[in-house]
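K.L.:
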Ligand SMILES: C[S@@+](CC[C@H](N)C(=O)[O-])C[C@H]1O[C@@H](n2cnc3c(N)ncnc32)[C@H](O)[C@@H]1O
């Protein structure tokens, strides 16, 4: 591991946030004052609501219709072991686990990742904080022990929402996942990222850092997937790179096909629910997929908003849902009615819209929960990829009996 990477990871810790790779933008005094004024006004309004002084009537608390677990019936263990890098709150981990893989270990530099994963699966071995820093690990220790390696390295270097500095961004950890694959030599590796990494801008980066780096050792497929095509009530396009050591496994691999359809172009597929239907909100004659949910750790400051653009705010407006000032739970959301009367989202709602079972133990504070959720891979999409990888490695789908 290059020592400079360890230094960079430590440097982020010093910036005073629990997300060591988070890089807030430098703000002018004017911008900072504006943010402060908004925060103070919204905290005052929230305090009033908590004291029962809300002028608008409370919303009834809805009961969600959507249960992401139905999209991921638990498959029998397939005998393959998995290692998870950059695990976050476990989007990829849930998908691989429910598709029958057994995790050997999960790594993330965030202590919050460990809290969530340990609470969800006390039997999982999670390395977090300094112990979870992937730049410090010698992956040869896993040689012969793991069948697949999966991970979604930080997306900020490639995201349209950021500066797209690629390898010049110190958060670029794609080479670390490739190093892990070359050292541990699993039968397959799965690398996920934002669709920005699949654009022309990063074509030479992808060639050099992924394809050329593994040449002669792995055969690599790459493809884009849309979360809504797997029943998730959100537009969220992601790129996957799936590498196989064995050419026969590579040839057998088929990228997952859509299981659901939002626009009903394919009427043979079940419909993906819109936000209102998924969350159990009363019908208003219009519904839509959630625009891509943004992480609470992107942008100039930590945030409790999941809006990633003016266009997406318009889309939330059209379905009368308020995506700013996300509440810690449904009771708090119902008590703190948005000024325009729109339905205020809670952490549980955002989890559902990302395809997480609402029992998954992602806890407040809200910005951290949204940081983890907005960074994650939608579990049903991860499940589809995991099932395709298992098939390529030799598991027949019919023998992967669902157990739940
Ligand atoms: C895009 S998120 C991955 C989310 C995860 N795949 C999921 O589905 O929930 C990237 C993760 O990389 C982690 N990370 C960043 N630098 C790291 C490092 N040096 N070592 C380990 N994890 C790191 C971050 O804490 C973050 O959770």
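Numbering (my numbering), first residue to last: 13 to 416. Think of the CB as a built atom: it goes at the ideal place given N, C-alpha and C, for glycine as much as any other residue. All figures in this text were calculated on a predicted structure; none of them were measured in a lab.
1) Under 7 Å Cβ to Cβ from residue 406, same chain only, skipping five residues before and after it: list those, please.
2) Between residue 216 and ligand 1, is there a pair consisting of the residue's CB and a ligand heavy atom that are separated by less than 7 Å?
3) Between which two residues does the beta strand (DSSP E) harbouring residue 201 extend?
4) If you follow the alpha helix (DSSP H) that residue 361 is in, where does it begin and where does it stop?
5) Label residue 235 either buried or exposed according to how many other C-beta atoms from any shown protein chain fall within 10 Å of its C-beta, with 16 as the threshold for buried.
6) Using the three-state DSSP reduction, which class does residue 220 fall into: helix, strand or coil?
7) Compute the minimum distance between the beta carbon of residue 367 and the heavy atoms of ligand 1, and state whether it is under 7 Å.
8) Could you name each continuous beta strand (DSSP E) segment of 3 residues or more that falls completely within the segment 290 to 363, going from the start of the chain to the end?
9) Considering only the alpha carbon of each residue, which of 282, 226, 166 lies closest to residue 122?
10) Is it buried or exposed, residue 284, if we count other Cβ atoms within 10 angstroms and call 16 or more buried?
11) Quick one: Cα of residue 380 to Cα of residue 319, how far?
12) Between the Cα of residue 243 and the Cα atoms of 314, 217, 290, 255, which residue gives the shortest distance?
13) Classify residue 134: buried if its beta carbon has 16 or more other beta carbons within 10 angstroms, exposed otherwise.
14) When you compare the CB positions of residue 186 and residue 221, do they come within less than 8 Å of one another, or not?
15) Once the 5 residues before and after residue 388 are set aside, which same chain residues still bring their CB inside 7 Å of it?
16) Any heavy atom of ligand 1 within a distance shorter than 7 Å of the CB on residue 119?
17) Spell out a yes or no on whether the segment 251 to 264 and the segment 321 to 332 are touching, meaning 3 or more CB-CB pairs, one atom from each, closer than 8 Å.
18) Below 8 Å on the Cβ atoms is my guess for residue 378 versus residue 340; work out the distance and round it to an integer in Å.
19) Alpha carbon to alpha carbon, what distance is there between residue 176 and residue 168?
20) Locate the beta strand (DSSP E) running through residue 230, then write down its first and last residues.
21) Please go through the same chain and pick out, in chain order, the residues whose beta-carbon is closer than 6 Å to the beta-carbon of residue 125, but skip the five residues on each side of it.
22) Check for me: the alpha helix (DSSP H) holding residue 103 runs from which residue to which?
23) For residue 210, which residues in the same chain have their Cβ closer than 8 Å to its Cβ, ignoring the five residues on either side in sequence?
24) Using alpha carbons as the reference points, say which of 354, 299, 298, 248 lies closest to residue 306.
25) Is the Cβ-Cβ distance between residue 245 and residue 301 less than 8 Å?
26) In or out: residue 202 buried (at least 16 other Cβ within 10 Å) or exposed?
27) Buried or exposed: which applies to residue 303, given that a residue is buried once 16 or more other Cβ atoms fall within 10 Å of its Cβ?
28) Any heavy atom of ligand 1 inside 7 Å of the beta-carbon of residue 434?
29) Give the secondary structure of residue 421 by DSSP, where H, G and I count as helix, E and B as strand, and everything else as coil.
30) Sort out for me which residues DSSP pairs residue 162 with in a bridge.
31) By the DSSP assignment, the alpha helix (DSSP H) with residue 191 in it spans what residues?
32) Measuring from the CB of residue 125, is there a heavy atom of ligand 1 at a distance below 7 Å?
33) Output the boundary residues of the alpha helix (DSSP H) element that contains residue 128.
34) Do residue 141 and ligand 1 come close, with the Cβ less than 7 Å from some heavy atom?
P.N.:
In brief:
1) none
2) no
3) 200 to 206
4) 359 to 365
5) Taking a 10 Å sphere around the C-beta of residue 235, we find fewer than 16 other C-beta atoms and assign the residue as exposed.
6) helix
7) No - ligand 1 has no heavy atom lying nearer than 7 Å to the Cβ of residue 367.
8) Listed in chain order, they are 333 to 339, 355 to 358.
9) 166
10) buried
11) 15 Å
12) 290
13) exposed
14) yes
15) Closer than 7 Å at the Cβ level, and outside the excluded window around residue 388, lie 100, 101, 103, 366.
16) Yes - ligand 1 has a heavy atom lying nearer than 7 Å to the Cβ of residue 119.
17) No: the two stretches stay apart, fewer than three of their Cβ pairs being nearer than 8 Å.
18) 6 Å
19) 7 Å
20) Where residue 230 is concerned, there is no enclosing beta strand (DSSP E), given that its DSSP letter is neither H nor E.
21) 99, 100, 140
22) 103 to 110
23) 218, 234, 236, 251
24) 248 is the residue among 354, 299, 298, 248 whose C-alpha sits nearest the C-alpha of residue 306.
25) yes
26) buried
27) buried
28) Nothing can be reported for residue 434, as the shown portion of the chain is limited to 13 through 416.
29) The structure shown does not extend to residue 421, since the chain is modelled only from 13 through 416, so no value can be given for it.
30) 96, 202
31) Here the alpha helix (DSSP H) through residue 191 covers 186 to 196.
32) yes
33) 123 to 132
34) Result no, Cβ not under 7 Å from ligand 1.
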